[in-house]
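Chains as they are written, first to last, in the working numbering: chain A, 1 to 252; chain B, 1001 to 1252.
Note that CB positions come from ideal geometry on N, CA and C, so glycine has one too.
All figures in this text were calculated on a predicted structure; none of them were measured in a lab.
Below is one structure, written out as structure tokens; the observations come after it.
Protein chains: 2
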Amino acid sequence: MKIIDSPKNDTIKNIIKLKQTKYQKKERLYLLEGRHEITEAIKAQAPIQQLLVTQTTLDANPTFLGDFETILISDAVSKHLADTKTDQGVFAVLPILTPTLPTTIKGAWLWLDDLQDPGNVGTLVRTADAAGFTGVIFGSNTVSAYHPKTLRGMQGSQFHIALYKADLMATLLTFKAQNIPIYGTALGDNTVSFRDVGPVTDFALVIGNEGNGMAPDLLKATIQNLYIPITGAAESLNAAVAAGILMFQLHQ
Amino acid sequence: MKIIDSPKNDTIKNIIKLKQTKYQKKERLYLLEGRHEITEAIKAQAPIQQLLVTQTTLDANPTFLGDFETILISDAVSKHLADTKTDQGVFAVLPILTPTLPTTIKGAWLWLDDLQDPGNVGTLVRTADAAGFTGVIFGSNTVSAYHPKTLRGMQGSQFHIALYKADLMATLLTFKAQNIPIYGTALGDNTVSFRDVGPVTDFALVIGNEGNGMAPDLLKATIQNLYIPITGAAESLNAAVAAGILMFQLHQ
């Protein structure tokens, strides 16, 4: 097994770059960290390119040895690679997959229109996974699924649910051609309380930007736009909480 | 109006300490930041002790002048006080209120048992506010409502909904004496799907620790324990998302 004990090692220098969108795009690879996340990757037989692990973490988790290149790293290297203050001693280099939409659309789909908070987006994917959704479509302006904070929020859900990146107006035509209803989320006129809708079998639910909501052209093209009645004094709900309420209402 | 342009000024040195729990406990004061948050404080006529604002922010928001001491601060002071990278140029020193429970318990109550993530806790309070809850009770082991990250998550909801700090086992006796049902949240046996419960008029909903759930003695003393059916492969839901789903189910 290869052993690396210096954070200045060239392999480490290249691997740490895979936390940045720029290098992720160039290499089509990302760096994942955390015991739970990497356990999910192994369980899902994800095509791990390299797994980097400290001796302590490997001793406690022998499943981190598998059909992939394993590099034993020092605590100093682990600390250097980690995005969090307390690192968990395990990292993996994984390919960024770019699946294409199935020919026949079935099930529940979450669309993310211009969401900017990576932690929120991670939680949204994790919630869609928990609610049994089929796929999540990241609109062109939505923050990356491979941002370190998105990855932390997803907790490995990228290994359970397919993530797509697409222009949402183009995707709308694909869904409409198959008569799949698209539900938007909005405040104001011409909206329906979420309690008056669902459950639905095949559909898309669109969540908009944290501050500005959905793009107006997309909002106009939906079958119905849903709101969550706010009976208190808060102006709005957190985007991930609102989406969670809607996902568990529409898809039961 | 008093003007402070140096971060080394003694008043500023004392004020910045009010971000730390230790000094918050000693002084019974906390430091709040952000335009939205402080607008909510002013709207609610909260007893602001001092408001600190930059000239630029004050010019754009004349409502930041009111019946309280206002200190004009330089951009350097604002940057120094801010908890976020991009400061909004306005801060307020506010008292930490310690309300006592009403004699007659009415409405919907959220109990937080040993929650540790301040961002999550802030979102939980904001969601309880949006859902029209009456109060939030912080169990003794739950993270402070006045942690800078909790404050950011609450977005000013502390001015709409009463926040209590109490021993939850003692509070349980108070609620039980008035026949107020207490709903817990748990996975496993003897739990009921959230879809089979509610809406309820007067009740308490208990959310447990992010990793370990509710304290066992509390869990045993509830009227029913609810779960959210997970149909996908995610192991669990984010605590704030789960609580949001339950709050909007129980209190309609």
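Where the alpha helix (DSSP H) containing residue i begins and where it ends
| i | result |
| --- | --- |
| A/L173 | L168 to A177 |
| A/G119 | P118 to A130 |
| B/G1244 | A1239 to L1250 |
| B/E1037 | R1035 to K1043 |
| A/Q88 | It is not in any alpha helix (DSSP H) - A/Q88 carries neither H nor E in the DSSP assignment. |
| A/Q55 | Q55 to A60 |
| A/T11 | D10 to I16 |
| A/L219 | P216 to K220 |
| B/V1077 | D1075 to L1081 |
Of the residues the options, the one placed nearest residue i, counting alpha carbons only
| i | options | result |
| --- | --- | --- |
| B/L1205 | B/K1013, B/A1092 and B/V1136 | B/V1136 |
| A/K13 | A/D59, A/H251 and A/S78 | A/S78 |
| A/I245 | A/I180, A/F159, A/R195 and A/P181 | A/R195 |
| A/Q45 | A/I228, A/G156 and A/P102 | A/G156 |
| A/S193 | B/F1248, B/E1040 and B/I1073 | B/F1248 |
| A/L115 | A/G232, A/L168 and A/G198 | A/L168 |
| B/P1062 | B/I1161, B/P1047 and B/R1035 | B/R1035 |
| B/T1142 | B/W1111, B/G1198, B/K1220 and B/F1091 | B/W1111 |
| A/P47 | A/F159, A/G139 and A/G107 | A/F159 |
| B/A1239 | B/N1120, B/D1087, B/D1113 and B/I1003 | B/N1120 |
| A/A131 | B/K1002, B/I1003, B/K1165 and B/A1234 | B/A1234 |
| B/T1084 | B/D1202, B/G1153 and B/A1162 | B/G1153 |
| A/V43 | A/T86, A/T104, A/K2 and A/L65 | Here the sequence assigns Lys to residue 43 of chain A, which means Val is not the residue at that position. The residue with the shortest Cα to Cα distance from A/K43 is A/L65. |
| B/I1223 | B/P1102, B/L1018 and B/F1175 | B/F1175 |
| B/K1165 | B/I1096, B/T1104 and B/G1208 | B/I1096 |
| B/D1202 | B/A1108, B/D1010 and B/I1073 | B/A1108 |
| B/I1073 | B/T1011, B/L1218 and B/Y1146 | B/T1011 |
| A/Q88 | A/P102, A/T103, A/A60 and A/K2 | A/A60 |
| A/D189 | A/G208, A/I4 and A/N225 | A/N225 |
| A/T70 | A/R28, A/I3 and A/L101 | A/I3 |
| A/T127 | A/E27, A/I207 and A/R28 | A/I207 |
Cutoff 9 Å: residue i Cβ touching any chain B Cβ
| i | result |
| --- | --- |
| A/G119 | yes |
| A/Q88 | no |
| A/A128 | yes |
| A/E235 | yes |
| A/I42 | no |
| A/R28 | no |
| A/H147 | no |
| A/I245 | yes |
| A/S144 | no |
| A/F133 | yes |
| A/I3 | no |
| A/S140 | no |
| A/I228 | yes |
Chain-order list of residues whose beta-carbon lies under 8 Å from that of residue i (same chain, five-residue window excluded)
| i | result |
| --- | --- |
| A/I230 | S236 and L237 |
| B/I1015 | L1031, Q1050, L1052, L1081, F1091 and V1093 |
| A/A41 | L32, I48, A92, L94, G156 and F159 |
| A/A76 | D5, S6 and P7 |
| B/V1197 | Y1183, Q1224, L1226, Q1249 and L1250 |
CB contact check: residue i to chain A, cutoff 9 Å
| i | result |
| --- | --- |
| B/V1241 | yes |
| B/A1162 | no |
| B/N1238 | yes |
| B/H1080 | no |
| B/S1074 | no |
| B/G1198 | no |
Euclidean distance between Cα positions of residue i and residue j
| i | j | result |
| --- | --- | --- |
| A/L151 | A/P216 | 29 Å |
| B/Q1305 | B/Y1030 | Residue 1305 of chain B is absent from the structure shown; chain B starts at 1001 and stops at 1252. |
| A/P148 | B/I1180 | 44 Å |
| A/G232 | A/A242 | 15 Å |
| A/D177 | B/T1171 | It should be noted that the sequence gives Ala, not Asp, for residue 177 of chain A. Cα to Cα, the separation comes out at about 56 Å. |
| A/I38 | B/M1214 | 27 Å |
| A/E210 | A/P118 | 11 Å |
| B/S1144 | B/T1021 | 8 Å |
| A/A162 | A/G139 | 14 Å |
| B/V1125 | B/Q1024 | 20 Å |
| B/S1006 | A/P7 | 39 Å |
| A/I105 | B/G1184 | 38 Å |
| A/I219 | B/P1102 | Going by the sequence as given, residue 219 of chain A is Leu instead of Ile. C-alpha separation (whole angstroms): 44 Å. |
Span of the beta strand (DSSP E), counted from its first residue to its last, around residue i
| i | result |
| --- | --- |
| A/N225 | Q224 to Y227 |
| B/G1153 | Where B/G1153 is concerned, there is no enclosing beta strand (DSSP E), although the alpha helix (DSSP H) it sits in stretches over P1148 to M1154. |
| A/Q24 | No beta strand (DSSP E) contains A/Q24, which is instead part of the alpha helix (DSSP H) from T21 to E27. |
| A/I3 | K2 to I4 |
| A/L110 | A108 to L112 |
Contacts around residue i, its chain only, beta-carbon distance under 6 Å, and the 5 residues preceding and following it disregarded
| i | result |
| --- | --- |
| B/Y1227 | L1187 and T1191 |
| B/L1058 | F1064 |
| A/T86 | none |
| B/T1123 | G1153 and A1240 |
| A/A221 | L172 |
Proximity test, residue i beta-carbon vs the ligand COA heavy atom, cut-off 8 Å
| i | result |
| --- | --- |
| B/I1161 | By its list of ligands, the structure shown contains no ligand whatsoever, and the ligand COA lies outside what it can speak to. |
Same chain only: Cβ atoms within 7 Å of residue i, ignoring 5 sequence neighbours per side
| i | result |
| --- | --- |
| A/P199 | L250, H251 and Q252 |
| A/P99 | A162 and Y164 |
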